[in-house]
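Residues -18 to -1, 1 to 145 in mature numbering (1 follows the signal peptide of the UniProt record, and there is no 0) are what the sequence shown spells out, letter by letter.
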Amino acid sequence: MLLFVCFAWLLCSQHSSARPMSDVLHNHDTYQAARDISRKAQKLEAGDDTSLRLISRVSPNQPLAQNAEICCLHANILDFYLLNVLQSSDSFHPTMPRLKTDLARISQDLSHHGCNVTHYHDHQNAVEFREKLITMQGPRGITKAIGEIDILFTYLGEFCVQN
Ligand SMILES: *[C@@H]1O[C@H](CO)[C@@H](O)[C@H](O)[C@H]1NC(C)=O
């Protein structure tokens, strides 16, 4: 019995030692900024169809083996945010410049951990994200995307881990 408890503890402690690929993903201030900024954008889209999502849902209980793939897919979406969505967004919220710097750091860290962002350019979820954004046109799409920064940050934190 004691042996079993020790064994279970060892398994659990190993699992919880899964480290984020970027320390920024566990930074509380970054998380708070992502939340505040998303909330502000979500308020601005009041009245819009809230059931629409640009970032597709990842079904829970993905096999661990797929973590890296899901991580790098969202690293691709992250780069799209950095190069397009957030290009001229600094005045959107006081913490936006800080969040952009942090997101750029995350992108760098993920690339160092082997994410080939280009490889996921044609992944269905990445393609759908861009198509939905373009369909919404201009500022509405940008606001919608900013409203989903918290989702993006959460997915990256959940799947970009070293086991
Ligand atoms: C990244 O992915 C692209 C597209 O699949 C491929 O052409 C390229 O060789 C890859 N780069 C590396 C360093 O693996």
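Beta carbons are placed, not taken as given, at the ideal position from N, Cα and C, and that holds for glycine.
Contacts around residue i, its chain only, beta-carbon distance under 6 angstroms, and the 5 residues preceding and following it disregarded
{"i": "K114", "result": "L36"}
{"i": "Q106", "result": "none"}
Which listed residue (the options) has its alpha carbon closest to that of residue i
{"i": "M78", "options": "R21, P2 and L46", "result": "R21"}
{"i": "Q144", "options": "C53, R39, R17 and K25", "result": "C53"}
{"i": "Y63", "options": "C142, K25, R112 and Y13", "result": "R112"}
Residue i classed as buried or exposed, judged by whether at least 16 other C-beta atoms fall within 10 angstroms
{"i": "residue 151", "result": "This structure leaves residue 151 out entirely; the chain is present only between -18 and 145."}
{"i": "S71", "result": "buried"}
{"i": "C(-7)", "result": "Confidence is the limiting factor: at C(-7) the pLDDT is only 41, short of 50, which leaves the residue's position unreliable and the question unanswerable from this model."}
{"i": "V99", "result": "buried"}
{"i": "A57", "result": "buried"}
{"i": "S89", "result": "buried"}
8 angstroms Cβ shell around residue i - same chain, five flanking residues per side excluded
{"i": "K126", "result": "A23, E27, D30, L34, L36, L115 and M118"}
{"i": "N9", "result": "D84"}
Terminal residues of the alpha helix (DSSP H) in which residue i lies
{"i": "N58", "result": "N49 to F62"}
{"i": "T117", "result": "Q106 to M118"}
{"i": "M78", "result": "M78 to H94"}
{"i": "H10", "result": "H10 to L26"}
{"i": "L7", "result": "Premise fails: L7 is in no alpha helix (DSSP H) and is neither H nor E."}
{"i": "D132", "result": "I131 to F141"}
Cut-off 7 angstroms between Cβ atoms - residues of its own chain near residue i, not counting five sequence neighbours on either side
{"i": "D18", "result": "H75 and T77"}
Chain B contact for residue i (CB, 8 angstroms cutoff)
{"i": "Y13", "result": "No chain B appears in the structure shown, which is made up of a single protein chain."}
Original post:
For the stretch 89 to 100 against the stretch 2 to 10, are there 3 or more C-beta pairs whose distance is under 8 angstroms?
Top reply: yes
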